[in-house]
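Take a look at the structure set out below.
Protein chains in written order, with the working numbering: chain A, 35 to 150; chain B, 3 to 116.
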């Protein structure tokens with residue numbers, strides 16, 4: 035079975051501070067990894083994804099994430115946060131099956147509050 | 003290009019009742035997945051439909067059932083509602099070209115069971 039663990043449930047930062055949100059997963063095989071964001075009053079949106087290749091993935095709005103296979107981690111980073119980054123962030127994993135389809139497992143989410 | 007749409011946006015039911023939620027996938031997508039997001043939790047996978055059949059299922063009782071129509075739209079049915087079913091129900095669509103599909107989420111239906 036696959037699972038996702040997000041270490042920080044609530045993070046408060048000042049504008050221009052650097053951000054790193056931790057995400058660890060457990061799964062015995064090949065995985066696809068995702069970060070989704072949910073802004074207040076909006077639906078879940080894909081921030082970035084990793085399927086294969088370069089383990090450093092760049093997403094929208096200046097976010098990036100690094101896949102470290104040996105640590106089963108996929109941490110999200112941003113060098114300088116803005117007030118508009120206030121949102122809830124979800125890490126998700128899906129195991130690749132021989133049937134070609136996937137079930138996505140989400141973490142509990144991290145609420146990020148950026149103070150102007 | 004319309005994204006994923008869901009109806010209704012809000013719903014209030016009482017215990018024991020039945021409910022049907024609806025989802026229209028993003029244009030061109032053929033796969034629909036349903037998730038339950040309880041307050042303060044991440045979305046939990048209920049099941050996935052492809053080619054009008056349930057392809058995968060999460061850890062949810064048989065009270066939760068679904069259907070996919072030839073136009074790829076989908077319904078989620080929940081029978082014998084109880085208080086614990088109160089949650090945001092999310093629909094996500096994707097294109098099943100292989101194991102690397104990406105899911106696009108709708109705004110959700112907020113179900114309250116009294």
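Cβ coordinates follow ideal geometry from the N, Cα and C atoms, glycine included.
Since we're looking at a predicted model, the values are computed, not measured.
Between residue i and residue j, how many whole angstroms is the CB-CB distance? I'm expecting something under 8 Å.
| i | j | result |
| --- | --- | --- |
| residue 98/A | residue 92/A | 5 Å |
| residue 137/A | residue 107/B | Not confirmed; about 15 Å, so no contact. |
| residue 145/A | residue 41/A | About 13 Å separates the two Cβ atoms, so there is no contact after all. |
| residue 110/B | residue 90/B | 4 Å |
So which residues on chain A does residue i lean against when the C-beta distance must stay under 8 Å?
| i | result |
| --- | --- |
| residue 108/B | 77 |
| residue 60/B | 137 |
So with CB distances below 9 Å, who are the chain A contacts of residue i?
| i | result |
| --- | --- |
| residue 68/B | Here the premise fails: no neighbours, minimum Cβ distance about 15 Å. |
| residue 92/B | 77 and 78 |
Cβ closer than 7 Å: which chain B residues qualify as neighbours of residue i?
| i | result |
| --- | --- |
| residue 141/A | 44 |
| residue 83/A | 104 |
Residue i touches chain B at which residues, Cβ-Cβ below 9 Å?
| i | result |
| --- | --- |
| residue 124/A | 44 and 45 |
| residue 80/A | 104, 105, 106 and 107 |
Mapping the DSSP letters down to three states, classify residue i as helix, strand or coil.
| i | result |
| --- | --- |
| residue 96/B | strand |
| residue 83/A | strand |
| residue 28/B | coil |
| residue 149/A | strand |
| residue 142/A | coil |
| residue 118/A | helix |
| residue 85/B | helix |
| residue 137/A | coil |
| residue 129/A | strand |
| residue 75/B | coil |
Taking 8 Å as the threshold (C-beta atoms), are residue j and residue i in contact?
| i | j | result |
| --- | --- | --- |
| residue 143/A | residue 60/B | no |
| residue 97/B | residue 33/B | yes |
| residue 115/B | residue 17/B | yes |
| residue 54/B | residue 27/B | no |
| residue 116/A | residue 49/A | yes |
| residue 50/B | residue 67/B | no |
| residue 21/B | residue 15/B | yes |
| residue 37/A | residue 59/A | yes |
| residue 141/A | residue 126/A | yes |
| residue 55/A | residue 123/A | yes |
| residue 108/A | residue 67/A | yes |
| residue 95/B | residue 31/B | yes |
| residue 58/B | residue 92/B | no |
| residue 102/A | residue 113/A | no |
| residue 64/A | residue 130/A | yes |
| residue 65/B | residue 81/B | yes |
| residue 83/A | residue 104/B | yes |
Does residue i come within less than 8 Å of chain E when only Cβ atoms are used?
| i | result |
| --- | --- |
| residue 93/B | Absent from the structure: chain E. Protein chains present are A and B. |
Quick one: which unbroken alpha helix (DSSP H) runs of 4-plus residues sit fully inside the segment 23–70 of chain B? Chain order, please. none
Report the residue ranges of all beta strand (DSSP E) runs contained in full by the segment 51–77 of chain A; include only those spanning at least 3 residues, in chain order. List check, beta strand (DSSP E) in window: 53–55, 57–60 and 65–72.
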